[in-house]
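These notes are about the structure you will find just below.
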DNA sequence: CATGAATGAGAATTCATTCAT
DNA sequence: CATGAATGAATTCTCATTCAT
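Have a look at this one:
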């Protein structure tokens, strides 16, 4: 039973679903895309067959994980729209986003769930939230005017990715690269950009 | 270079080796790490078994690809050390590096060949080359003084990674993000970095 | 016995396990160690993948077969310890042992499962049983005093092995060679042995 | 070039043939039947392709090894026919036979080359030799009258086989079991045999 | 004629997914 | 409805054998 519609899941089923998602995140983080359903089920303390009762396929499981992460980020963005300092709000958003990724790097899951409609939907929400943050930052003059919401959306994961090339990165090293990239977004000393901003994803 | 081994291979074998490496790059780029040896062989127009005559295992094949790319980059870095403008040289290096990645994103291959000794060796050469470029840029005051060769090494792939989150990125879009990141490396308007630079990889 | 593990298997699974073991014995007997899992599965009327659900590897399958045979023999030895005539009991044991082997010569499997702990355990039991039989035969003066339990353990398979060098041996021919060897174990006309008895295996 | 007919092989080819046979024996002894042609060739210091110039197939190589061993034994038997003490001669023959096996256990090779005509031929010679030895022993009353040449032929390898069930057998332990078996062949205290002697193999 | 590169038919093993219990 | 047994396609890798160099 996947959809949020209809019956709201029995209590234990809902709990299993959460156990499963958590186990899957850990397993994917440790083993990469090739983490097996069997291992995930074992980690969740659930039978293999039951996994398919919750998620019709491995792809759908992955999509659900990605959805969750994106939804959390969309929430964060929404909440920060009311914050006092628009520049600080945008930086905070990027910080939360990178921190989320850092906990389990699951960026590679995104490519798998590219086509999924629920993912697209949540991503649109997130995109809207980022749009609002960027608009306010523009108005406040905190970031260069030629930078768009899409740019921010794309740069969001960069700090964590950068750090991943290291075997044992310091746990907060990504903040160093977020700082560098955020400096690149500032209006001071900005060089004209050689390529136009891309359209929304 | 890679062929540090024994005899120089028979002409046809050498050709097959190149066909194989090329096919493998394409296949990995399209299918990710899980590209199969069978598909690679088919793409190269070569029998499955022959792949294993050239590369004892899938891992070794991957290591060879990674080695080739790193060696090319090390060459580029070496050549640019003599260039007139240190700042332009560093930017040029990052441009070439990103361009190489763009053709086939194979960053994920790196993690597999982490332990390989040949890879380590070539990476050290590349690292040395980047070090020289960064030193000269520091001397010329083109980049902020708190940025190290390791930082540049890590940031090298970021522009391409950023773009990969898009389904159909404009072919040169990565230049936009390289520009933003490079602006972040400039001394003008630089914010103090929250984390110390990491040690060499 | 072998099924010392957890729950007692579902009825159908248990049946498949037996089918599998039987098919494997036949296939190994016909094709030797290089019998393929695929052929074994086909013979058992079971899918290839299912073999690995029952036995994690070919080695484990072999160990299970060996274990079964050794356990049966250990049982036989135990039962015969109470028999009236110690000499007849020992001969009976060797007869049963050889007969078991004859059905499927699987001696070569033993070398593969040398390290397996379950095998070691059952073999120790068997060894103890043989020890008891030999002790009683010694006491009764039926076998020469310089022959040990290890000797009997080692000679156990000889009659069948001898016969195997023939293309189409008469089904009970092995009894001829068991008789000859058993005569060699008798005290009458025994020549001093040129080498000391080996330590327990 | 396989046959002993026609040209007698160029000197170096003959040498390669011997190197190859020796390497193959060692490799088979160490790795069993699954020793690979590649490893054998490497051990002999010869190219893989050349192996097939000497022996048309792996089976033929094996048959050649087996042939060599059988021929040596046939020679030994022939030579011992003239010896003074018929009983001692037979024992000596069995000793040499077992010793030969012990050096490299290659009994398993025999089953592979079962059908080979050259093997059959040499085996017949060996059989004849054993027949002569047995006849003389019968005449001298050294062995029981109900034992035939075929029995001896079959029992020949038993002592080594027996010892093989041990992980690290003492190098001459087989002599212990040869003594036991030979005692079983003696007329003193012989029990009637339960099965008739088999026909020639 | 020796060499070793190429071949392709398997081998063991893994895994998402289905379905009887 | 949960369970875990069964499935079979796919994967990496091996090897006897052939054949161009």
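Chains as they are written, first to last, in full-length UniProt numbering: chain A, 1 to 201; chain B, 1 to 201; chain C, 1 to 201; chain D, 1 to 201.
Think of the CB as a built atom: it goes at the ideal place given N, C-alpha and C, for glycine as much as any other residue.
This structure is a prediction, so every number in the text was calculated from the model and none was measured.
| Asked | Found |
| --- | --- |
| Spatial distance of residue 31(C) from residue 137(C) (CA atoms) | 38 Å |
| Alpha-carbon spacing of residue 172(A) relative to residue 66(B), whole angstroms | 28 Å |
| Cutoff 8 Å: residue 114(A) Cβ touching any chain B Cβ | yes |
| Interface residues of chain B facing residue 195(A) [CB-CB closer than 7 Å] | 170, 172, 173, 175 and 176 |
| Test: residue 162(D) CB closer than 8 Å to a CB of chain C | yes |
| Run of the alpha helix (DSSP H) containing residue 157(C), from where it starts to where it stops | Unbroken run through residue 157(C): none, as it is neither H nor E. |
| C-beta neighbour in chain B for residue 184(A), strict 8 Å | yes |
| Range covered by the alpha helix (DSSP H) that runs through residue 81(B) | Run containing residue 81(B): none; DSSP gives neither H nor E here. |
| Span of the alpha helix (DSSP H), counted from its first residue to its last, around residue 165(B) | Here residue 165(B) belongs to no alpha helix (DSSP H), and DSSP marks it neither H nor E. |
| Residue 45(B) to residue 167(B) span [Cα, whole Å] | 29 Å |
| Chain-ordered neighbours of residue 89(B) on chain A, where CB pairs are closer than 7 Å | What residue 89(B) touches in chain A: nothing, since even the nearest Cβ is about 17 Å away. |
| Proximity of residue 148(C) and residue 197(C) at Cβ, strictly below 8 Å | yes |
| As assigned by DSSP and simplified to three states, the class of residue 5(D) | With a pLDDT of only 47 at residue 5(D), under the threshold of 50, the placement of this residue in the model should not be trusted; the figure read from the coordinates follows. Residue state, collapsed to three classes: coil. |
| Contact with chain A by residue 125(B), beta-carbon distance below 8 Å | no |
| Within-8 Å CB hit, residue 180(B) to chain A | yes |
| Secondary structure of residue 104(C), DSSP reduced to three states | coil |
| Partners in chain B for residue 191(A), counting only beta-carbon separations shorter than 7 Å | 179 and 183 |
| Residues in the stretch 38-61 of chain C having any Cβ partner in chain D nearer than 7 Å | none |
| Opening and closing residue of the alpha helix (DSSP H) in which residue 182(D) lies | 174-185 |
| CB contact below 8 Å: residue 103(C) versus chain D | no |
| Rounded distance between the beta-carbons of residue 99(C) and residue 29(C), thought under 8 Å | With a Cβ gap of about 14 Å, residue 29(C) and residue 99(C) do not count as contacting. |
| Short-range partners of chain C found in the stretch 138-165 of chain D, where Cβ spacing is below 9 Å | 144, 147, 150, 151, 153, 154, 155, 156, 157, 158, 159, 161, 162, 163, 164 and 165 |
| Residue 201(C): contacting residues in chain D (beta-carbon distance under 9 Å) | 165, 166 and 167 |
| Same chain, Cβ closer than 7 Å to residue 178(D), five either side skipped, listed in chain order | 94, 95, 98 and 159 |
| Extent of the continuous alpha helix (DSSP H) run through residue 148(D) | Premise fails: residue 148(D) is in no alpha helix (DSSP H) and is neither H nor E. |
| CB-CB length for residue 54(C) against residue 33(C), believed under 8 Å | In fact, because the Cβ distance is near 19 Å, the residues do not count as touching under 8 Å. |
| Top-ranked residue by Cα proximity to residue 156(D), from 14(D), 74(D), 140(D) and 51(D) | 74(D) |
| Nearest neighbour of residue 113(D), chosen from 176(D), 48(D), 69(D) and 102(D) [CA to CA] | 69(D) |
| Proximity to residue 15(C) [Cα-Cα], best of 140(C), 50(C) and 125(C) | 50(C) |
| Environment of residue 12(D) [buried if 16+ CB atoms lie within 10 Å] | exposed |
| Proximal residues of chain A, C-beta to C-beta of residue 198(B) below 7 Å | 166, 169, 170 and 173 |
| Of the listed residues 58(D), 164(D) and 131(D), nearest to residue 36(D) (C-alpha basis) | 58(D) |
| Min CB distance residue 92(C) to chain D below 8 Å | no |
| Contact set between residue 25(A) and chain B, taken where Cβ atoms lie within less than 8 Å | Those within 8 Å of residue 25(A) in chain B number zero; the least Cβ separation is about 19 Å. |
| Beta-carbon neighbours of residue 188(A), restricted to chain B and to distances below 7 Å | 188 and 189 |
| Closer than 9 Å at the beta carbon, the chain B residues around residue 34(A) | 33 and 34 |
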